[in-house]
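Engineer: In my numbering, the protein residues as written are 682 to 1311.
Each residue gets a CB set at the ideal place from its N, CA and C atoms; glycine is no exception.
No experiment lies behind these values; they were computed from the predicted model shown.
1. Taking all protein chains shown into account, do 16 or more other C-beta atoms lie within 10 angstroms of the C-beta of residue 801, making it buried, or fewer, making it exposed?
2. Taking the beta carbon of residue 1173 as the centre, do at least 16 other beta carbons fall within 10 Å, making it buried, or is it exposed?
3. Excluding the 5 residues preceding and the 5 following residue 832 in the sequence, name in chain order all residues of the same chain whose CB lies nearer than 6 angstroms to its CB.
4. At the level of alpha carbons, what is the spacing between residue 858 and residue 1083?
5. Am I right that residue 815 and residue 786 are in contact with their C-beta atoms under 8 angstroms? What's the rounded C-beta distance?
6. In the DSSP output, which residue or residues are listed as bridge partners for residue 779?
7. Should the segment 1087 to 1100 be called in touch with the segment 1032 to 1041, which here means at least 3 C-beta pairs below 8 angstroms?
8. For residue 688 and residue 792, I'd like the C-alpha separation in whole angstroms.
9. Quick check: the Cα distance between residue 1146 and residue 828, rounded to an integer number of angstroms?
10. Just checking residue 1163 against the ligand PLP - is the residue's beta carbon closer than 7 angstroms to any of the ligand's heavy atoms?
11. For residue 1035, which three-state DSSP category applies?
12. Using alpha carbons as the reference points, say which of 809, 775, 1293 and 740 lies closest to residue 768.
13. Return the CA-CA distance between residue 1164 and residue 1100, expressed in angstroms with no decimal places.
14. Given this structure, state the Cα-to-Cα distance separating residue 795 from residue 855, to the nearest angstrom.
15. So, is residue 968 buried or exposed, given that buried needs 16 or more other C-beta atoms within 10 angstroms?
16. Return the residue from the list 724, 852, 872 and 841 that minimises the CA-CA distance to residue 743.
17. In chain order, what residues of the same chain lie with their CB nearer than 7 angstroms to the CB of residue 738, ignoring the 5 residues before and after it?
18. Quick one: what does DSSP say residue 1258 is sitting in, helix, strand or coil?
19. Based on the DSSP secondary-structure assignment, which residues constitute the bridge partners of residue 920?
20. Comparing C-alpha positions only, which one of 886, 740 and 879 sits nearest to residue 817?
21. Tell me residue 804's beta-bridge partners as DSSP assigns them.
22. Using 8 angstroms as the threshold, is the segment 1239 to 1253 in touch with the segment 1269 to 1278, meaning 3 or more CB pairs across them?
23. Taking the straight line between their C-alpha atoms, what separation do you get for residue 1024 and residue 1217?
24. Count the other C-beta atoms from every protein chain shown that fall within 10 angstroms of the C-beta of residue 1253, then say buried if there are 16 or more, exposed otherwise.
25. If we ignore side chains and look at the alpha-carbon of each, how far apart do residue 736 and residue 1013 end up?
26. Between residue 1183 and residue 1224, what straight-line distance do the alpha-carbon atoms span, to the nearest angstrom?
27. Select from 1087, 733, 954 and 734 the residue whose C-alpha is nearest the C-alpha of residue 1067.
28. Hey, out of 1283, 799 and 754, whose CA is closest to residue 780's CA?
29. So what's residue 907 in DSSP terms, helix, strand or just coil?
30. To the nearest angstrom, how far is it from the Cα of residue 1065 to the Cα of residue 1129?
31. Within 10 angstroms of the Cβ of residue 1107, are there 16 or more other Cβ atoms? Answer buried if so, exposed if not.
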């Protein structure tokens, strides 16, 4: 059945379901939930309650005021509709929003109803359109249950004077601050007017101001179409410093110089990326370094990457994260996974691209270390994941998309592409990827469509069995996974043996030129039979518990918990209280619960730390600790 026929058939079925539901609804106070996602699950997003396949918005205009006292966003959003449509019902995703009224372009009230609440997906909002309806304006405000918003008091910021607020839309959190079709399966343009308190700067994933406006109102335009999870807003006491003509960094004044120095290679990264896979299509590439509660390393919001302050190490050793988020400007933002079951199309491609950028700037030895660390993390993850969560193509029915955030999408996806590169040659791989980004520019794609494109444009003349189905649809790693060798890590492993046979001082001279990645390999691969005295020896010589590098601290604390190395617990408490990055928090809390005395200690720390975490992080830790608010 061809695509157009399928959609037409589906439209008729959808309308019949709506009519039946309305007739059967006795009091008309509710509209039954309508699913549009069951007809073709490979192409339809199962994580939205909207009817985006029948009618999708094309532009959104936000007019919001930021109230730090009440911790709410209030105002309205206006959605522009296509001129031609086959239905007069628009269904949007909402979660924990208060809807006041809904009007058309002539300020005429439109009827609306809510469906049944779903813990994962929220409330479907059905709006009944008239034939003349061109725009829909929804007056609303957020609530204290919004999962996308993080409201920080001054003490949680670097400057300790002004509050701070930011949004996090991926994966399905945008619906908790905007009533919208919250699916990566559509692309829209957007604009906004945001009112903020005095002396504060608002910036978005759009064309941004670079200094405070005395009017306290900021206007934004995003002319390139994006998926709704990429709409982002941050408000705080911020400064901007340009790196070159199209890159720069935003941060609190107390951090702006350190952030600028750390990220000064951003312009070179954009140049390197363009050399690889074509023109950068988003005009500017800026980064905002957020307060430490931010739950991820980075978020690839177009034009404006949101980044954790944990990458500011003072030696540029962690800037591969910026290369990763930049790479998303092509894989993820330019070409987007149409469903969260196809998440690897965003992340696997981006890891591959990231490492190619880093190789062009810092050489293959550097990239080999990154790849080996990634491979180690992947193998560890495979040991803990259920088989159904180890496939690149996922089946996330009844599960939150965030449950798919693992090294499978990132590292297994990377090694799949690295396998293809080894098979066809780097030159052919580069030609293919450059054309892929061009052909699917500003579009969405599912795994099956990519595989068809790959077979036609990369593998059509070669019938060699590459275990494609095993890579995509089966758990674990296929036998043809590329092997990576690092001479620098081999030297590290020699130092591990020398340390075990002697002491930390014996290897001191060899470690002076080590990068962060060599230290991570060293700490991760310390012998399992080490005890308290060994860790104390390392700590006395290298001051690991006092490291200013968050990546090193995280793996060091993990080893310290395992052997109950108590001198590390005080800085560990400080780390857990201050840092909200889930990548660090999850393994540390998981290790802490293995011993009862550590679990009790962790719960006491968490009681204080929880308020410093974003919803994404505390929701994860709540489950680990089985923690419930009183």
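Structural biologist: To lay it out plainly:
1. Position 120 of the chain shown holds residue 801. Counting Cβ neighbours within 10 Å, residue 801 comes out exposed, since fewer than 16 surround it.
2. Mapped onto the chain shown, residue 1173 falls at position 492. Result: buried.
3. The residue you call residue 832 lines up with position 151 of the chain shown. So the list reads 752 and 846, once near-sequence residues are dropped.
4. The count along the chain shown starts at 1 and reaches residue 858 at position 177. The count along the chain shown starts at 1 and reaches residue 1083 at position 402. The alpha-carbon atoms of residue 858 and residue 1083 are separated by roughly 18 angstroms.
5. Within the chain shown, numbered from 1, the residue matching residue 815 stands at position 134. Within the chain shown, numbered from 1, the residue matching residue 786 stands at position 105. Going by Cβ atoms, the distance from residue 815 to residue 786 rounds to 5 angstroms, so yes, they are a contact pair.
6. By one-based count along the chain shown, residue 779 stands at place 98. Partner(s): 822.
7. yes
8. Counted from its first residue, the chain shown places residue 688 at position 7. Counted from its first residue, the chain shown places residue 792 at position 111. Because the pLDDT of residue 688 is 37, which lies under 50, any placement of that residue in the model is unreliable, and the number read from its coordinates should be weighed accordingly. Using only the alpha carbons, I get a separation of about 27 angstroms.
9. Here residue 1146 refers to the residue found at position 465 of the chain shown. Here residue 828 refers to the residue found at position 147 of the chain shown. In a straight line, the C-alpha of residue 1146 is about 45 angstroms away from that of residue 828.
10. By its list of ligands, the structure shown contains no ligand whatsoever, and the ligand PLP lies outside what it can speak to.
11. Residue 1035 sits at position 354 when you count from the first residue of the chain shown. Three-state DSSP puts residue 1035 in a helix.
12. Within the chain shown, numbered from 1, the residue matching residue 768 stands at position 87. When only C-alpha atoms are compared, the closest one is 809.
13. Numbered from its first residue, the chain shown carries residue 1164 at position 483. Numbered from its first residue, the chain shown carries residue 1100 at position 419. Computed Cα separation, rounded: 9 angstroms.
14. Translated into the one-based positions of the chain shown, residue 795 becomes position 114. Translated into the one-based positions of the chain shown, residue 855 becomes position 174. Each residue's alpha carbon lies about 18 angstroms from the other.
15. The residue you call residue 968 lines up with position 287 of the chain shown. Label assigned to residue 968: buried.
16. Here residue 743 is taken as the residue at index 62 of the chain shown, counted from 1. When each option's Cα is compared against that of residue 743, the closest is 872.
17. Within the chain shown, residue 738 is the residue found at index 57, counting from 1. Within the same chain, residue 738 has close Cβ partners 760, 761, 762, 862 and 869.
18. Counted from its first residue, the chain shown places residue 1258 at position 577. Three-state DSSP puts residue 1258 in a helix.
19. Residue 920 sits at position 239 when you count from the first residue of the chain shown. Paired residues: 932.
20. The residue given as residue 817 occupies position 136 in the chain shown. When only C-alpha atoms are compared, the closest one is 740.
21. Sequence index remark: in the chain shown, residue 804 carries index 123 (1-based). Paired residues: 775.
22. yes
23. Taking the first residue of the chain shown as position 1, residue 1024 is located at position 343. Taking the first residue of the chain shown as position 1, residue 1217 is located at position 536. Their Cα atoms are separated by approximately 42 angstroms.
24. Position 572 of the chain shown, counted from the first residue, corresponds to residue 1253. Buried, by the Cβ-count rule.
25. Locating residue 736 in the chain shown gives position 55, where the first residue counts as 1. Locating residue 1013 in the chain shown gives position 332, where the first residue counts as 1. Answer to the nearest angstrom: the Cα atoms are 23 angstroms apart.
26. Along the chain shown, one-based indexing puts residue 1183 at 502. Along the chain shown, one-based indexing puts residue 1224 at 543. Each residue's alpha carbon lies about 18 angstroms from the other.
27. Counted from its first residue, the chain shown places residue 1067 at position 386. It is 1087 whose Cα lies nearest to the Cα of residue 1067.
28. As a position in the chain shown, residue 780 is number 99, starting the count at 1. Ranking the options by Cα distance to residue 780, first place goes to 754.
29. As a first step, residue 907 must be located in the chain shown, where it is residue number 226. Residue 907: strand per DSSP, three-state reduction.
30. Here residue 1065 is taken as the residue at index 384 of the chain shown, counted from 1. Here residue 1129 is taken as the residue at index 448 of the chain shown, counted from 1. Approximately 27 angstroms, taken between the alpha carbons.
31. In the chain shown, the residue the question calls residue 1107 occupies position 426. That one is exposed.
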